[in-house]
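Numbering (the numbering used here), first residue to last: 23 to 364. Report on one structure; see the data block that follows.
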């Protein structure tokens, strides 16, 4: 018998089905594992009580906005574009709108965007944080379901996170470079560090993990260069490193946008990639497979990371109260022709 005139909650369904609230939330939201018998018990209880299992209908009944916010570092980066597609596909299937915002890797912009989206009463947030240490503005809205995507704060987080195995990616590239005789490596990233000097920390966890993996495989430090926010910035970095007393034999780009800028700049200088200098990158963007030579990359499950972030978020919105989940998705090395053998 349905509860006409009253709002049926996940807790009501859980009590009727004699399962935990978290289990009921997973079944009703369609996320996470559950046995056939448990699933049947929860769905039967929901039907008997008149619980609306459709996310859109549930949102209308509870006064939720049916909207989530997604804050990304750079939407022009193919990594974030594919991740955003994973998010929007899950959201579309659930009848939920998505507001996508871009920080340009600026912490002040990120703080402002969080305030704006909270003001719009979004039901949850997916965030690629600009800083792994300065997330107080997110901690202050702990009442809003939030998932960190691609990057995670240092220490223990009260929020779910989905990242790729950046340390393993760095180790794979480092091992490939070392196997081919490379020792002097430059790492270029768009991470913004004001008044940068060598030895200063990088606050983006994905970057620090990649560098850590590289250095572990190479068994030596890499020459780190941040602030590569556009083609001109990449050119300035290459001007510096290619005229230094210790010219690098290999350049590692932290993402495919930087790699493309570096590829074009090296070509314009008449430098043969894969012979005069080696170039490799994180992110298996389409262009990296059609150039001559093709660029050796770390392939990351870009779509999957967005899909999982959305699934975790919607489970929280549906009432899942399990401890925070921190998922690490595997990566792989794609060997092409851009790394020379010395």
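Note that the Cβ used here is the ideal one computed from N, Cα and C, for glycine as well. Model, not experiment: these values are computed from the prediction.
- Using a C-beta cut-off of 8 Å, the segment 133–144 makes no contact with the segment 200–215, since fewer than three inter-stretch Cβ pairs fall below that distance.
- Classified as exposed, residue 345 has fewer than 16 neighbouring CB atoms from the shown chains inside 10 Å of its CB.
- Sixteen is the threshold: since fewer than 16 other Cβ atoms of the shown chains lie within 10 Å of the Cβ of residue 252, the residue is exposed.
- In the DSSP assignment, residue 171 falls within the unbroken beta strand (DSSP E) covering 168–171.
- Listed in chain order, the non-local C-beta contacts of residue 175 below 6 Å within the same chain comprise 154, 157, local neighbours out to five positions each way being set aside.
- Relative to the Cα of residue 182, the nearest Cα in the group 359, 355, 356, 350 belongs to 350.
- Counted as a single uninterrupted DSSP element, the stretch harbouring residue 57 is not any alpha helix (DSSP H), since DSSP gives it neither H nor E.
- Per the DSSP secondary-structure output, residue 144 pairs with nothing in a beta bridge.
- In the structure shown, the three-state DSSP call for residue 286 is helix.
- Rounded to the nearest whole angstrom, the C-alpha separation of residue 297 and residue 227 is 32 Å.
- Here the segment 320–335 makes contact with the segment 98–113; the two share three or more CB pairs at distances below 8 Å.
- With fewer than 16 neighbouring CB atoms inside 10 Å of its own CB, residue 66 falls in the exposed class.
- Residue 349: member of the beta strand (DSSP E) spanning 348–351, first to last residue.
- Between the segment 335–345 and the segment 300–309 there are fewer than three inter-stretch CB-CB distances shorter than 8 Å, so the stretches are not counted as touching.
- When DSSP states are grouped into helix, strand and coil, residue 364 belongs to the coil group.
- Residue 203 places its beta carbon less than 8 Å from that of residue 363.
- Judged by their CB atoms, residue 39 and residue 63 are nearer to each other than the 8 Å cut-off.
- As a beta-bridge residue in DSSP terms, residue 91 pairs with 121, 147.
- Judged by their CB atoms, residue 118 and residue 331 are not nearer to each other than the 8 Å cut-off.
- For residue 186, same chain residues with a beta-carbon under 8 Å away, outside a window of 5 residues either side, are 172, 228, 322, 323, 327, 350, 351, 352, 353 in chain order.
- DSSP places residue 101 in the helix class (H, G or I) of the three-state scheme.
- If the five residues before and after residue 282 are omitted, its C-beta is found closer than 7 Å to the C-beta atoms of 309, all from its own chain and listed in chain order.
- In the structure shown, residue 311 adopts helical secondary structure according to DSSP, grouped into three states.
- When secondary structure is reduced to three states using DSSP, residue 295 falls in the strand class.
- Per the coordinates, the alpha-carbon of residue 268 lies some 19 Å from the alpha-carbon of residue 292.
- Residue 215 and residue 225 have their C-alpha atoms spaced approximately 8 Å apart.
- CA-CA distance, residue 199 to residue 129, rounds to 33 Å.
- When C-alpha distances from residue 315 are compared across 36, 358, 348, the shortest belongs to 358.
- C-alpha of residue 145 to C-alpha of residue 188: approximately 29 Å in a straight line.
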